[in-house]
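In our numbering, the protein residues as written are 18 to 589.
From the three backbone atoms N, C-alpha and C, an ideal C-beta is built for every residue, glycine too.
In what follows, a single structure is set out as structure tokens and then discussed.
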């Protein structure tokens with residue numbers, strides 16, 4: 018590896034100004050990136066990772082953002098290094114996408130929904146390399162083959178909404194490497210992707226780097242995926258670099274308490290913990306990183322009590338079919354079986370985990386169980402009562418018993434309603450607690466129960482962090498005093514430290530309020546921590562069901578084995 022860096026960041030400071038105050042997003046950040054090296058930047062939301070990446074391309078919105086000081090030097094040899102912060106905007110445009118390129122976190126919002134995927138990649142080639150339309154199309158098809166997209170010719174003419182999450186991310190990668198950049202910035206490129214898709218994207222980036230001799234700046238909040246892709250690691254906390262070193266040294270002997278906290282917050286696969294450690298507790302040295310372990314005997318005793326009674330929910334031979342049209346001018350449609358003869362029971366006080374890749378039927382199952390979409394065939398029994406036969410008015414009364422916590426807390430909260438009003442609204446719909454004064458008292462009690470307080474009542478969703486918004490959604494689900502809560506990927510996009518807090522909260526509430534959970538996730542380590550029993554789904558069918566620990570320790574199906582093998586694990 019060349020010792021001369023291709024990119025040097027020196028004492029970079031960035032601030033943001035709002036109406037009330039100015040705050041520092043980056044405070045004297047310095048690091049370097051060598052040719053053909055992969056440098057990982059890890060940290061929680063708000064640590065400054067993405068601000069650093071956007072600063073390199075001078076994409077910080079001004080106002081409210083401002084680069085206060087520092088230098089960003091680009092070039093392989095001392096005599097040809099340019100300070101990107103001093104370049105005129107027109108020259109900077111030549112660097113973006115050509116010399117330094119970026120893969121953004123969310124491909125759906127990064128791709129333009131009104132243009133085909135092929136045209137969007139071709140636009141980059143026409144702009145920077147001045148290729149003709151025919152030449153650009155040929156090059157796009159080569160790029161689609163290089164990033165291993167299936168049916169490149171067909172996907173060239175497809176729109177973003179017609180592709181899966183993993184396919185959209187591959188289109189973004191193809192666009193990013195189109196002009197053969199020297200540096201590729203990958204900003205959380207695998208967040209919220211299935212473990213199997215995540216594994217293929219990481220392997221793809223690694224292979225592309227080796228074949229193109231690119232340098233990669235890999236940004237993530239998950240230390241678990243770093244060991245397989247990075248050469249060195251930079252750990253950021255509150256806008257500063259708190260630790261830096263090669264991957265093996267960081268994993269074997271992390272020096273900073275924050276780094277140790279990031280590693281300890283991830284649910285372990287080798288033991289079952291009663292509570293996950295949080296970064297706050299580790300930074301204050303209040304508890305052992307491992308915490309209290311639930312033994313096999315304790316678990317067996319708990320399950321003997323759990324499964325002696327009658328199920329609270331029974332799913333019998335559930336099926337759900339969809340008809341998909343191929344276009345406006347095609348009359349033929351194909352029938353897709355999203356759920357195929359699905360049967361299982363859920364017991365009071367149980368957490369039933371459901372895992373599988375995107376398209377396996379997990380979310381469809383949740384919606385059918387809640388009667389948000391009707392089943393094609395089968396029965397759903399809640400307390401021995403078939404709810405598939407209920408009228409709309411009777412189902413409305415039953416909805417208070419069956420609640421859902423969505424994946425994205427921001428989009429599931431009304432931005433025009435204060436959080437107090439959002440939590441109070443379902444109480445009013447179901448005529449609970451008599452009057453609005455009593456309801457407001459109940460809302461404040463729920464806010465305190467989920468770790469917020471009365472001062473938050475009149476604030477709006479945009480004023481909260483992702484973890485706080487998820488707590489608000491949990492409070493809203495609890496507002497109608499449900500008995501069963503379905504958590505649909507409710508922690509998948511959260512930082513590992515915030516995720517640990519929310520998972521601990523869900524377990525605390527389960528014990529205190531005697532709740533029953535159906536916990537849906539693509540993250541198998543999270544499901545293992547939460548679940549008593551586990552269902553593995555593939556193509557709308559259950560391929561495996563049983564005790565969560567038994568399935569993890571001795572998976573029976575090849576599909577389950579593949580899911581487990583795809584979990585990122587440190588190699589040291």
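For secondary structure counted as the beta strand (DSSP E) over 3 or more consecutive residues, the region 43 to 99 holds these complete runs in sequence order: 55 to 59, 82 to 91. The residues 183, in chain order, have a CB closer than 6 Å to that of residue 214 in the same chain once the five nearest residues on each side in sequence are set aside. The three-state reading of DSSP puts residue 196 in coil, since its state is none of H, G, I, E or B.
Cβ atoms of residue 508 and residue 520 come within 8 Å of each other, at about 6 Å. Annotation for residue 518: 295, 484 place their beta carbon closer than 7 Å to its own, counting only its chain and skipping 5 residues before and after. Burial check for residue 355: the Cβ neighbour count within 10 Å reaches 16 or more, so the residue is buried. Looking at 189, 357, 447, 511, the one whose alpha-carbon comes closest to that of residue 554 is 357. Residue 33 holds the alpha-carbon nearest to the alpha-carbon of residue 65 among 88, 52, 33.
Here the alpha carbon of residue 102 sits roughly 8 Å from the alpha carbon of residue 87. Per the C-alpha coordinates, the member of 141, 241, 67 positioned closest to residue 585 is 241.
Rounded to whole angstroms, the gap between the alpha carbons of residue 374 and residue 452 is 45 Å. Counting only the Cα atoms, residue 325 lies some 45 Å from residue 269. From the listed residues 237, 47, 114, the smallest Cα separation to residue 67 is found for 237. Taking C-beta atoms under 8 Å as the contact rule, residue 201 and residue 195 fail to qualify, at a distance of about 11 Å. The secondary-structure analysis by DSSP pairs residue 138 with nothing; it has no beta-bridge partner. Contact fails between the region 169 to 182 and the region 216 to 228, because fewer than three Cβ pairs, one in each stretch, are under 8 Å apart. DSSP lists 59, 260 as the beta-bridge partner residues of residue 252. Assignment of beta-bridge partners to residue 41 by DSSP yields 32. In the three-state reduction of the DSSP assignment, residue 366 falls in the coil class, being assigned neither a helical nor a strand state. Counting along the chain, residue 171 sits inside the alpha helix (DSSP H) bounded by residues 169 to 173. Looking only at 189, 245, 28, the smallest Cα-Cα distance to residue 56 is reached by 245. In this structure, 552 is the residue among 557, 558, 552, 556 with its C-alpha nearest to the C-alpha of residue 572.
For residue 114, the closest of 284, 141, 308 by C-alpha to C-alpha distance is 141.
Between residue 505 and residue 420, the gap from beta carbon to beta carbon reaches 7 Å or more. Under a 10 Å Cβ-count criterion, residue 462 is classified as exposed, with fewer than 16 other Cβ atoms of the shown protein chains found around its own Cβ. Excluding its 5 nearest sequence neighbours in each direction, residue 154 has C-beta neighbours in its own chain below 8 Å: 135, 139, 173, listed in chain order. Residue 399 has 330, 402 as its beta-bridge partners, per DSSP.
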